[in-house]
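Notes to accompany the following structure.
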Amino acid sequence: MVCDCPNKTQSQQDDNQRSFFMMKGYQWLLALTLILGALLLVVYQTFLGQSTQPEQLFTVESGQSYYGLIPTWQSKVPLFSATLAKLYIKTQIDAPLYAGVYQLPANPTFLQVMQILEQGADIAMVKVQIIEGKTAKDLYATIKDTQGVAIEILDKSDDLNRLKQRLGIDATTPDGKYANNLEGWFAPDTYLFAKGSSDKHILTTLYDKQRQLLTDAWANRDENLPYKSPYDALIMASIIEKETGIAEEREKVAAVFINRLRLGMRLQTDPTIIYGMGERYDGNIRRADINEKTDYNTYQIDGLPPTPIALPSKAAINAAMHPADIDALYFVATGTGGHTFSNTLKEHNQAVQEYLKIIKNQ
Numbered sequence: 001m002v003c004d005c006p007n008k009t010q011s012q013q014d015d016n017q018r019s020f021f022m023m024k025g026y027q028w029l030l031a032l033t034l035i036l037g038a039l040l041l042v043v044y045q046t047f048l049g050q051s052t053q054p055e056q057l058f059t060v061e062s063g064q065s066y067y068g069l070i071p072t073w074q075s076k077v078p079l080f081s082a083t084l085a086k087l088y089i090k091t092q093i094d095a096p097l098y099a100g101v102y103q104l105p106a107n108p109t110f111l112q113v114m115q116i117l118e119q120g121a122d123i124a125m126v127k128v129q130i131i132e133g134k135t136a137k138d139l140y141a142t143i144k145d146t147q148g149v150a151i152e153i154l155d156k157s158d159d160l161n162r163l164k165q166r167l168g169i170d171a172t173t174p175d176g177k178y179a180n181n182l183e184g185w186f187a188p189d190t191y192l193f194a195k196g197s198s199d200k201h202i203l204t205t206l207y208d209k210q211r212q213l214l215t216d217a218w219a220n221r222d223e224n225l226p227y228k229s230p231y232d233a234l235i236m237a238s239i240i241e242k243e244t245g246i247a248e249e250r251e252k253v254a255a256v257f258i259n260r261l262r263l264g265m266r267l268q269t270d271p272t273i274i275y276g277m278g279e280r281y282d283g284n285i286r287r288a289d290i291n292e293k294t295d296y297n298t299y300q301i302d303g304l305p306p307t308p309i310a311l312p313s314k315a316a317i318n319a320a321m322h323p324a325d326i327d328a329l330y331f332v333a334t335g336t337g338g339h340t341f342s343n344t345l346k347e348h349n350q351a352v353q354e355y356l357k358i359i360k361n362q
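For the sequence shown, position 287 matches number 287 in the UniProt record's numbering, and the numbering has no gaps at all.
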């Protein structure tokens with residue numbers, strides 16, 4: 001018998017093929033749904049999602065950018081997208097970012113944080129960072145440039161020679177024309193002050209800390225140091241601070257200068273020339289500068305300069321009070337970091353020649 005019915009095998013193949021494509025379609029739809037859902041979740045978490053953080057202070061460092069904050073939020077917000085955050089910053093943010101300590105609400109979203117930072121109005125505290133080796137003049141400029149500080153005594157019209165009186169402090173200073181010089185009397189460190197703190201309050205705080213550091217160090221100093229007063233030690237500490245930034249060298253540098261003082265030798269330290277030149281210093285010390293007799297040029301004067309030449313750290317003050325037990329009278333840079341210390345002029349001259357060779361080959 002002849003049957004005019006469809007071929008079952010072909011029909012089954014067609015059904016299977018339709019089922020296959022339907023299954024594939026469902027899979028693609030499911031995949032697309034998952035992708036869109038994940039994308040929406042990332043967008044939500046990046047811009048609207050909340051971190052599990054309590055109310056907190058958030059510090060923005062000086063010189064930091066909005067982009068520089070992204071790594072912080074990657075660690076705080078689940079599924080945070082750095083790419084979307086960068087896009088938002090690029091297209092939506094045009095306000096400068098101010099350094100300071102901001103008060104953030106509990107569980108802030110990324111958008112909330114950006115709005116707070118952009119407005120710059122929720123700085124709860126101000127950060128004042130003073131680097132060791134900087135001068136009092138640098139300190140005054142830093143305070144004046146810090147947003148959130150109330151400027152009362154560092155205004156442009158003020159004569160800084162009156163600062164000691166206006167602060168009401170009893171800092172030791174030399175008689176005569178340097179009687180109001182407060183160089184060295186402020187402790188370098190990183191400080192947090194309440195927003196609206198006055199420059200007077202900040203300077204007084206830094207002075208009180210430095211005075212206490214000096215008092216404590218003086219009480220525990222080594223015996224037979226060639227200082228007439230704690231102020232002499234503060235001057236020495238400032239020179240040590242300027243001569244080396246290497247922690248393990250501070251006591252050695254102190255020993256060299258103390259040994260020279262004991263022998264009546266001049267200190268002959270370049271940072272004192274630079275300080276004495278003031279605004280005239282252009283980055284180079286010339287023979288004429290070495291030969292110029294200023295109050296600070298220790299190539300031309302005996303003993304210590306009249307005041308400190310920088311703001312010394314606690315470590316430098318301690319080095320001035322506890323010099324290394326060595327006989328060195330000279331030191332010169334190695335050219336590769338650090339210094340070579342020598343007991344005799346002959347050894348020193350050899351070290352200088354080695355330094356010059358290294359510099360020439362660099």
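All C-beta atoms in this analysis are idealised placements derived from N, C-alpha and C, irrespective of residue type, glycine included.
Per the DSSP calculation, residue i is bridged to which residue(s)?
{"i": "Leu57", "result": "Gln103"}
{"i": "Ala173", "result": "Sequence check: residue 173 is Thr here, not Ala. Its beta-bridge partners do not exist; DSSP assigns none."}
{"i": "Gln129", "result": "Thr190"}
{"i": "Ser198", "result": "Ala150"}
Taking the alpha helix (DSSP H) that residue i falls in, what are its first and last residues?
{"i": "Thr340", "result": "Looking at the DSSP string, Thr340 is not in any alpha helix (DSSP H); the run it does join, the beta strand (DSSP E), is His339 to Ser342."}
{"i": "Gln74", "result": "Ile70 to Gln74"}
{"i": "Thr142", "result": "Ala136 to Asp145"}
So for residue i, helix, strand or coil by DSSP?
{"i": "Leu84", "result": "helix"}
{"i": "Met265", "result": "coil"}
{"i": "residue 394", "result": "Since the first and last residues shown for the chain are 1 and 362, residue 394 lies out of range."}
{"i": "Ala124", "result": "strand"}
{"i": "Arg250", "result": "helix"}
{"i": "Asn361", "result": "helix"}
{"i": "Thr272", "result": "helix"}
{"i": "Asn180", "result": "coil"}
For residue i versus residue j, is the C-beta distance shorter than 9 Å?
{"i": "Asp222", "j": "Pro323", "result": "yes"}
{"i": "Pro226", "j": "Ser313", "result": "no"}
{"i": "Gln129", "j": "Thr72", "result": "no"}
{"i": "Gly100", "j": "Lys195", "result": "yes"}
{"i": "Asn297", "j": "Ile290", "result": "yes"}
{"i": "Thr205", "j": "Phe193", "result": "yes"}
{"i": "Ser198", "j": "Ile151", "result": "yes"}
{"i": "His339", "j": "Ile246", "result": "yes"}
{"i": "Ala328", "j": "Ala237", "result": "no"}
Under DSSP, the beta strand (DSSP E) around residue i begins and ends at which residues?
{"i": "Ala310", "result": "Counting along the chain, Ala310 falls outside any beta strand (DSSP E), and DSSP gives it neither H nor E."}
{"i": "Val332", "result": "Tyr330 to Ala333"}
Restricting to Cα atoms, I'd like to know which of the options is closest to residue i.
{"i": "Pro174", "options": "Ile317, Gln362 and Ile235", "result": "Ile235"}
{"i": "Lys86", "options": "Met114, Ala316, Thr244 and Ala315", "result": "Met114"}
{"i": "Pro306", "options": "Asp295, Ala315 and Ile246", "result": "Asp295"}
{"i": "residue 369", "options": "Leu203, Leu329, Ile309 and Arg262", "result": "Residue coverage of the chain in this structure runs from 1 to 362, which leaves residue 369 outside it and unanswerable."}
{"i": "Met265", "options": "Asp216, Lys242, Leu345 and Gln210", "result": "Leu345"}
{"i": "Lys144", "options": "Ala95, Tyr330, Ile202 and Arg250", "result": "Ile202"}
{"i": "Arg262", "options": "Asp282, Arg286, Thr272 and Asp302", "result": "Asp302"}
{"i": "Asn318", "options": "Ser342, Gln92, Ile274 and Arg250", "result": "Arg250"}
{"i": "Tyr299", "options": "Asp282, Ile274 and Ala315", "result": "Ile274"}
{"i": "Lys177", "options": "Ser65, Arg162, Phe110 and Tyr88", "result": "Arg162"}
{"i": "Ser81", "options": "His348, Gly63 and Phe110", "result": "Phe110"}
{"i": "Pro105", "options": "Asp270, Arg287, Ala124 and Tyr98", "result": "Ala124"}
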